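Just below is one structure, and these are the notes that go with it.
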Amino acid sequence: MYLEKRCLVCPVGCILKIEKDGDSDYLIRGNKCGRGKDFAIKEMKEPSRVLTSRVILKNGPMSRLPVKTSDIIPQYLVDKCMEIIRTTEVTAPVKMGQIIIENILNTNINVVAARKVNSTNPRNLNSNSQ
Ligand code: SF4
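If you use our numbering, the sequence shown corresponds to residues -11 to 118, in order.
Have a look at this one:
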């Protein structure tokens, strides 16, 4: 019995078939290169998590707002995504789960606020409670 997983290392996106081979080894099929095998083994031992980072926050009680991606970002896009996230500005108030960057790098994955932040601008006091 094997597990299927798409390789996220490069845009080819090979479908990897991963089978346990003994106590600690894995048999990998479907990979077009060695990086796919490394990816599969890493995913089995230490699966990827969503990307977390912080965007620039204006009118808030701190200078950066924690954000996370709504799904796992392909490995080959992580650096570009981090660059976009780090240079993105958002203005408080922000709701938890609010979309901060929609469809980042055409991945169909959104970057969302990981917490709620009220505005420190007195003009926005009414919108803080929404
Ligand atoms: S196995 Fe190799 S060619 Fe296939 S998606 Fe992964 S890195 Fe790309």
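We put the beta carbon where it would ideally sit given N, CA and C, even for glycine.
On a predicted model such as this, the values are computed, not experimentally measured, just so you know.
Taking only heavy atoms of ligand 1 into account, decide whether any of them is closer than 8 Å to the Cβ of residue i.
i	result
K20	yes
V0	yes
L(-9)	no
L4	yes
R17	no
C69	no
R42	no
V(-3)	yes
G24	yes
Alpha carbon to alpha carbon, how far is residue i from residue j?
i	j	result
K83	T40	17 Å
I61	R37	9 Å
I88	D9	43 Å
L(-9)	P(-1)	21 Å
V78	N109	14 Å
I86	D11	Per the sequence shown, residue 86 should be read as Gln rather than Ile. Their backbone Cα atoms lie some 44 Å apart in a straight line.
V(-3)	K25	10 Å
R111	C(-5)	48 Å
T16	E34	For the record, residue 16 in the displayed sequence is Ile; it is not Thr. Cα-Cα distance, rounded: 16 Å.
L4	I97	22 Å
T95	R103	23 Å
C69	V100	13 Å
I73	F27	24 Å
C21	S58	28 Å
R122	G1	Because the chain spans -11 through 118 in this model, residue 122 falls outside it and cannot be assessed.
Rounded to the nearest angstrom, how far is the Cβ of residue i from that of residue j, given a contact under 8 Å?
i	j	result
M32	I6	6 Å
According to DSSP, which residues form a beta bridge with residue i?
i	result
K(-7)	L4
S41	V55
D26	Note: D26 sits in no beta bridge, so no partner.
Y14	K8
K46	T79
V99	T57 and I89
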